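Peer 1: Provided herewith is a single structure, encoded as structure tokens, for subsequent inquiry.
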Amino acid sequence: ISFSDNTASLWLQELSGTGTKVNELMSTLGLEHTRVNSRTEGRQDNFRKYGWGQTTPREMATLVEKIYNGEVVSPEASDEMFRLMSKSFWDKEALASIPKNINVASKQGAVNRSRSEVFLVNAPGNDYVVSVITKNQEDQSWGEDNEGYVLLRNVSRLLWEHIGQTD
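In terms of the working numbering, the sequence shown opens at residue 24 and continues consecutively.
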């Protein structure tokens with residue numbers, strides 16, 4: 024999770040028992056729109072339409088909240104997931120707008136026409152969770168000035184300024 028990429032996701036999919044098992048878990052968690060499509064029997068039409076997987080910003084935020092609250096697999100597994108998510112290698116997007124001394128659990132994603140990040144901030148006054156997913160981006164560049172990355176930093180900064188900081 025801390026250094027995640029698309030190749031690692033395929034490997035983890037196999038370790039977890041295939042996309043079918045992951046999809047069953049998502050259903051038990053009440054996440055009806057979050058599905059693995061890649062290498063998953065019966066998901067070929069969804070793969071053609073959505074790619075490797077599909078979700079919504081709300082469901083990604085809900086999943087991270089459930090991890091934080093110890094509700095995914097087991098309290099121990101959830102705690103380990105949260106700890107790993109709090110050590111992300113990818114810190115140039117949303118994390119760049121939050122002070123380094125603040126714990127943030129995050130997961131980023133990027134494909135040609137989309138950038139995404141879900142993050143839970145352990146702010147001094149109150150914790151908050153955010154999920155941003157872009158779609159059909161014109162800007163397909165991979166530099167820090169990609170319009171999706173800029174959006175992630177701006178949303179994160181605005182939320183930190185209005186929610187995360189204490190007086």
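Every residue gets a Cβ at the ideal spot worked out from N, C-alpha and C, and that includes glycine. On a predicted model such as this, the values are computed, not experimentally measured, just so you know.
Helix or strand or just coil, what does DSSP make of residue 160?
Peer 2: The answer is coil: DSSP assigns residue 160 none of H, G, I, E or B.
Peer 1: Which two residues bound the contiguous alpha helix (DSSP H) that contains residue 112?
Peer 2: Neither: residue 112 is in no alpha helix (DSSP H) and is coded neither H nor E.
Peer 1: Mind checking residue 106: buried by the 16 CB within 10 Å criterion, or exposed?
Peer 2: Burial call: exposed.
Peer 1: Would you tell me roughly how many angstroms separate the C-alpha atoms of residue 125 and residue 137, rounded to the nearest one?
Peer 2: Rounded to the nearest angstrom, the two C-alpha atoms are 27 Å apart.
Peer 1: In angstroms with no decimal places, state the Cα-to-Cα distance between residue 102 and residue 79.
Peer 2: Distance between the alpha carbons of residue 102 and residue 79: 23 Å.
Peer 1: Please state the DSSP three-state secondary structure of residue 154.
Peer 2: It is a strand residue.
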